[in-house]
Amino acid sequence: MASTTFIPSNHSNAGMGSFQPQPLLTPTSRSPSWKSRVCYFFDSDIGNYHYGPGHPMKPSRIRMCHSLVMNYGLYKKMEIFRAKPATKREMSQFHTDEYVDFLARVTPDNVDAFVREQAKFNVGDDCPVFDGLFEYCSISAGGSMEGAARLSRDKCDIAINWAGGLHHAKKGEASGFCYINDIVLGILELLRYHQRVLYIDIDVHHGDGVEEAFYTTDRVMTCSFHKYGEFFPGTGELRDIGLGKGKYYTCNFPLRDGINDENYKSVFEPVISKIMEYYQPSAVVLQCGSDSLAGDKIGGFNLSMRGHANCVEYVKSFGLPLLLLGGGGYTIRNVSRAWAYETGLAAGQELSAQVPVNEYYEYFGPDYRLDVRPSNAEDHNSREYLDKIKVQVFENLRNTGFAPSIQGHIEPRLPRDELMDDEDDMAREGPLDPDVRASKDAATRERRVQRDGDLSDSEDEGEDGRRNISSFGGLRRRTPSRNEFSASVHPNGSLGTGAANGYHAGSHENGSGGHHAQENGAPNGASVSHAKGSSSPSAAAAPASSTAAASGGDALLSEVLNTSESNPDRASANPAWAARSPGIMDPIFQREREQEGRQRQSAIADAGREDAAEGGGGGEGGAASATSADAGPSSGATVPATEDVEMKDAS
Numbered sequence: 022m023a024s025t026t027f028i029p030s031n032h033s034n035a036g037m038g039s040f041q042p043q044p045l046l047t048p049t050s051r052s053p054s055w056k057s058r059v060c061y062f063f064d065s066d067i068g069n070y071h072y073g074p075g076h077p078m079k080p081s082r083i084r085m086c087h088s089l090v091m092n093y094g095l096y097k098k099m100e101i102f103r104a105k106p107a108t109k110r111e112m113s114q115f116h117t118d119e120y121v122d123f124l125a126r127v128t129p130d131n132v133d134a135f136v137r138e139q140a141k142f143n144v145g146d147d148c149p150v151f152d153g154l155f156e157y158c159s160i161s162a163g164g165s166m167e168g169a170a171r172l173s174r175d176k177c178d179i180a181i182n183w184a185g186g187l188h189h190a191k192k193g194e195a196s197g198f199c200y201i202n203d204i205v206l207g208i209l210e211l212l213r214y215h216q217r218v219l220y221i222d223i224d225v226h227h228g229d230g231v232e233e234a235f236y237t238t239d240r241v242m243t244c245s246f247h248k249y250g251e252f253f254p255g256t257g258e259l260r261d262i263g264l265g266k267g268k269y270y271t272c273n274f275p276l277r278d279g280i281n282d283e284n285y286k287s288v289f290e291p292v293i294s295k296i297m298e299y300y301q302p303s304a305v306v307l308q309c310g311s312d313s314l315a316g317d318k319i320g321g322f323n324l325s326m327r328g329h330a331n332c333v334e335y336v337k338s339f340g341l342p343l344l345l346l347g348g349g350g351y352t353i354r355n356v357s358r359a360w361a362y363e364t365g366l367a368a369g370q371e372l373s374a375q376v377p378v379n380e381y382y383e384y385f386g387p388d389y390r391l392d393v394r395p396s397n398a399e400d401h402n403s404r405e406y407l408d409k410i411k412v413q414v415f416e417n418l419r420n421t422g423f424a425p426s427i428q429g430h431i432e433p434r435l436p437r438d439e440l441m442d443d444e445d446d447m448a449r450e451g452p453l454d455p456d457v458r459a460s461k462d463a464a465t466r467e468r469r470v471q472r473d474g475d476l477s478d479s480e481d482e483g484e485d486g487r488r489n490i491s492s493f494g495g496l497r498r499r500t501p502s503r504n505e506f507s508a509s510v511h512p513n514g515s516l517g518t519g520a521a522n523g524y525h526a527g528s529h530e531n532g533s534g535g536h537h538a539q540e541n542g543a544p545n546g547a548s549v550s551h552a553k554g555s556s557s558p559s560a561a562a563a564p565a566s567s568t569a570a571a572s573g574g575d576a577l578l579s580e581v582l583n584t585s586e587s588n589p590d591r592a593s594a595n596p597a598w599a600a601r602s603p604g605i606m607d608p609i610f611q612r613e614r615e616q617e618g619r620q621r622q623s624a625i626a627d628a629g630r631e632d633a634a635e636g637g638g639g640g641e642g643g644a645a646s647a648t649s650a651d652a653g654p655s656s657g658a659t660v661p662a663t664e665d666v667e668m669k670d671a672s
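Taken in order, the sequence shown gives residues 22 to 672; the numbers are from my numbering.
Shown next, in the form of structure tokens:
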């Protein structure tokens with residue numbers, strides 16, 4: 022790992038325009054083939070989930086990627102793990118209890134009983150209810166949290182979870198094919214050990230859910246390179262730089278259609294280099310959404326596989342603990358190629374250009390090459406435009422200075438860490454041994470399974486291999502124990518981004534403010550009933566005093582994820598933000614506040630019943646209050662049982 026030297030400074034964030042940091046953190050002299058300790062997370066069940074017929078998000082892409090990884094022999098170069106699925110309690114570190122409980126209870130069979138909740142939590146066409154939804158979310162989030170935990174304990178240098186990267190999910194609602202924001206949960210795990218975490222997003226869509234979560238803190242810097250304009254989610258303009266303590270710790274680089282490898286590299290490397298220089302993070306999370314590749318059905322960029330992988334290689338060169346996550350990507354043969362190639366790059370292994378024989382071999386025809394070539398599409402990003410944006414980004418970074426070095430003692434997730442201590446290599450997967458797992462109900466599995474016919478990603482493609490927007494119809498894009506894998510286990514998908522363009526966000530060529538999504542932006546009569554980023558009723562802001570009283574370790578995370586009222590200046594500058602949730606975030610303590618609120622309501626109700634018993638008045642109101650206060654999550658909520666898996670030591 023690269024050594025990092027921190028220079029003490031008395032500078033505050035205010036008035037830092039003239040501050041010149043020392044170039045302390047630079048790419049190492051190690052060769053790109055430097056062998057890192059890599060942990061790769063995969064669960065054989067993830068590929069069995071299916072969003073539904075015709076839906077662009079296909080978790081089977083993870084299964085295809087894993088098949089390539091195994092048949093290239095990369096299991097010899099890294100440790101493979103099945104992560105413990107995330108629990109409801111762990112998800113509630115960021116998401117509201119009410120939302121998590123809804124995800125745990127809703128099924129295709131009972132969905133009609135949740136009409137109000139579907140609207141409230143933005144569940145519908147884009148984010149449908151499918152069989153095993155909660156288990157799918159648990160697997161995705163568990164891999165990212167487990168990877169972050171192992172990085173923090175110095176058990177690996179790079180952790181990979183291609184089933185993660187679901188960057189659109191909000192505190193209290195689904196969005197953009199994303200239900201649980203595994204990225205935020207992973208970053209929270211890293212913040213237990215690391216003072217500063219850098220989040221980088223190379224998905225074609227703006228990483229709005231992660232940005233929103235950390236918009237008011239300097240403990241996390243978010244940096245997103247994305248398509249901006251009449252494109253989902255309509256956020257991520259140049260002027261979005263953070264609020265309060267988080268001002269200047271949000272970096273957005275808006276791009277136009279058709280950007281190629283050369284131009285992407287010309288902005289990505291200088292910006293990341295400057296962030297490393299000024300911010301000095303001690304850990305990095307890189308969301309590798311592959312819908313920025315050429316030929317994606319939804320994206321509009323023109324990156325080759327190697328142009329996309331250059332971002333991974335460059336970030337790896339800094340030698341910091343690195344969490345690699347998936348994201349969008351809707352031409353699945355290209356998604357699996359890119360992520361398999363980047364897995365090899367992380368492990369320091371050069372892969373053959375000829376795709377090895379694997380269970381999905383026919384999908385890589387007709388050339389059967391490990392490559393995604395750019396098209397001849399026009400690059401609408403002029404050199405003048407890119408330089409103009411880059412200059413403004415650099416100016417914003419000069420205002421950051423060094424983020425404070427806060428000493429905090431946040432106790433990590435003990436059950437998981439105890440398992441890691443008890444079994445030092447936690448959940449190591451033997452490369453070629455079969456995955457012995459109790460079979461589930463055949464009918465249920467049949468309903469979930471992604472059939473081979475659904476794997477085709479050539480249908481309904483538009484010009485240049487990209488699907489026309491009208492093809493989506495009504496889709497409204499608001500967007501440790503030791504197990505062993507066989508080469509044929511199914512990997513499934515990450516989560517994504519993606520989708521319909523029909524939102525007007527305004528031009529930002531000069532960094533000007535975007536406009537709120539408008540329904541008339543959908544061509545060909547496509548239904549666009551609600552724009553992404555709508556207000557979430559469950560994310561109301563809590564009084565500042567509820568976190569101000571925290572001390573010690575609580576004060577640390579209270580500062581990281583403090584609740585903040587909407588900023589009127591920001592709302593006026595970007596109406597799309599004004600439609601968002603009024604509370605920015607306080608995931609760690611939200612659960613405790615909700616419990617305290619219920620306890621207070623219960624106490625008031627008890628007092629009302631006592632008054633009624635004594636004076637005969639107010640009894641009905643007191644009883645009603647008690648009923649409401651005691652309701653809480655439904656007792657019928659189902660939490661998927663974690664199955665014990667027979668483990669064999671990997672030889």
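For each residue, glycine too, the CB sits at the ideal point set by N, CA and C.
Problem - Tyr-389 - DSSP class collapsed to helix/strand/coil - result: coil
Exercise for the section: In angstroms with no decimal places, state the Cα-to-Cα distance between Leu-89 and Tyr-157. Expected result: 22 Å
Practice task
At 4 residues or longer, and completely inside the stretch 313-363: list those alpha helix (DSSP H) runs for me, N to C.
Solution key: 326-337
Practice task
Starting from Gln-375, follow its DSSP beta bridges and name the residues at the other end.
Solution key: Arg-390
Exercise for the section: Please confirm whether Gln-308 and His-188 have their CB atoms less than 7 Å apart. Expected result: yes
Handout entry: Option in Phe-155, Phe-123, Gln-216, Phe-415 with minimal Cα separation from Phe-142
Key = Phe-123
Practice task
Starting from His-87, follow the alpha helix (DSSP H) in both directions and report where the run begins and ends.
Solution key: 81-92
Handout entry: Where Asn-379 falls, given that 16 or more other Cβ within 10 Å makes a residue buried
Key = buried
Practice task
Report the rounded CA-to-CA distance for Asn-92 versus Asn-355, giving the unit in angstroms.
Solution key: 17 Å
Practice task
Express the C-alpha separation of Asp-152 and Glu-334 in angstroms, rounding to a whole number.
Solution key: 37 Å
Practice task
Use the C-beta contact count for Asp-445: other C-beta atoms within 10 angstroms, 16 or more gives buried, fewer gives exposed.
Solution key: Any reading at Asp-445 must be qualified, since the residue scores a pLDDT of 41, below 50, and its modelled position is unreliable; no value is offered.
Practice task
Whole angstroms is fine: what's the gap from Gly-321's alpha carbon to Gly-348's?
Solution key: 16 Å
Exercise for the section: Measure the C-alpha to C-alpha separation of Arg-260 and Pro-254 and round it to an integer number of angstroms. Expected result: 16 Å
Problem - Where Ser-165 sits in the DSSP three-state scheme - result: helix
Handout entry: Assigned secondary structure, Pro-291 (DSSP; H/G/I helix, E/B strand, else coil)
Key = helix
Handout entry: Beta-bridge partners of His-247, as assigned by DSSP
Key = Pro-275
Exercise for the section: Determine the closest residue to Pro-275 out of Lys-409, Asp-317, Val-306, Lys-268, with distance taken between C-alpha atoms. Expected result: Lys-409
Exercise for the section: Compare the C-alpha of Tyr-270 against each of Ile-160, Arg-126, Glu-416 and name the closest. Expected result: Glu-416
Handout entry: Endpoints, the alpha helix (DSSP H) within which Asp-122 is located
Key = 118-126
Exercise for the section: Report the partner residues of Val-218 according to the DSSP bridge assignment. Expected result: Val-241, Ala-304
Practice task
To the nearest angstrom, report how far apart Tyr-236 and Phe-115 are at their CA atoms.
Solution key: 14 Å
Handout entry: Buried or exposed (CB count within 10 angstroms, at least 16 for buried), Gln-375
Key = exposed
Problem - Burial state of Arg-277, where buried means 16 or more other Cβ atoms lie within 10 Å - result: buried
Exercise for the section: On the DSSP bridge assignment, give the partners of Cys-199 in chain order. Expected result: Ser-196
Practice task
For Ser-373, I'd like the list of residues in its chain whose CB is within less than 6 Å of its CB, leaving aside the five on either flank, ordered along the chain.
Solution key: none
Handout entry: Cα-Cα separation, Ala-398 to Arg-327
Key = 17 Å
Handout entry: Bridge-paired residues (DSSP) for Glu-100
Key = Cys-60
Exercise for the section: Compare the beta carbon distance of Phe-112 and Ile-201 with 7 Å and say whether it is the shorter of the two. Expected result: Just to set this straight, residue 112 is Met in the shown sequence, not Phe. Cβ distance < 7 Å, so Met-112 and Ile-201 count as in contact.
Problem - Own chain partners of Arg-171 with C-beta closer than 7 Å, once the 5 adjacent residues on each side are dropped - result: Cys-60, Cys-177, Ala-180
Practice task
Taking Lys-98 and Ala-368 to be in contact with their CB atoms under 8 Å, please state how far apart those CB atoms are, rounded to whole angstroms.
Solution key: 4 Å
Exercise for the section: Using a threshold of 7 Å, state whether the C-beta atoms of Arg-126 and Ile-353 are closer than that. Expected result: no
Problem - Contact under 7 Å by Cβ, Val-292 with Val-336 - result: no
Problem - Helix, strand or coil at Gln-114 according to DSSP, with G and I counted as helix - result: coil
Problem - Per-residue DSSP class, three states only, for Ile-160 - result: helix
Exercise for the section: With DSSP as the reference, please indicate the residues paired to Asn-182 in a beta bridge. Expected result: Leu-346
Practice task
Specify the secondary structure class of Lys-141 as computed by DSSP and reduced to three states.
Solution key: helix
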